[in-house]
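In what follows, a structure is listed as structure tokens, so that the remarks can point back to it.
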Amino acid sequence: AALESNGLLLRRYGGAITMPQELVGDPAQPISAYKRAIARAAVMRLREHARIIIDSGSTTAAMIPELGHQPGLVVMTNSLHVASALSELEHEPVLLMTGGT
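Just so we're aligned, residue 1343 is where the sequence shown starts under my numbering, counting upward by one.
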């Protein structure tokens, strides 16, 4: 629970996976409580079947575990790391990949 609350782990049914380092940055610096609060507030504003764009970064990485509870979500990203983390969610959103790195 502590690893998940610090943004270093995604819980899944039957287990857990680590957040990709490309999303969270320096492993010695867990995602701050402020960034997790921003992420939670952003996800709370989403409606069912929302369409969103997610870039890479520590604040958007903090959003990913929260997105697993959003029904019908469609996410566009150009980040393979974001796409990979989203695919591990229990309620995997529809994913649209664009070109880029």
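We put the CB at the ideal spot given by N, CA and C, even for glycine.
According to DSSP, residue 1416 shares a beta bridge with 1393, 1436. From the listed residues 1377, 1440, 1374, 1387, the smallest Cα separation to residue 1412 is found for 1387. About 4 Å separates the CB atoms of residue 1381 and residue 1405; that is less than 8 Å, so the two are in contact.
Taken through DSSP and simplified to helix, strand or coil, residue 1373 comes out as coil. The shortest C-alpha to C-alpha distance from residue 1432 to any of 1399, 1409, 1374, 1384 is the one to 1409.
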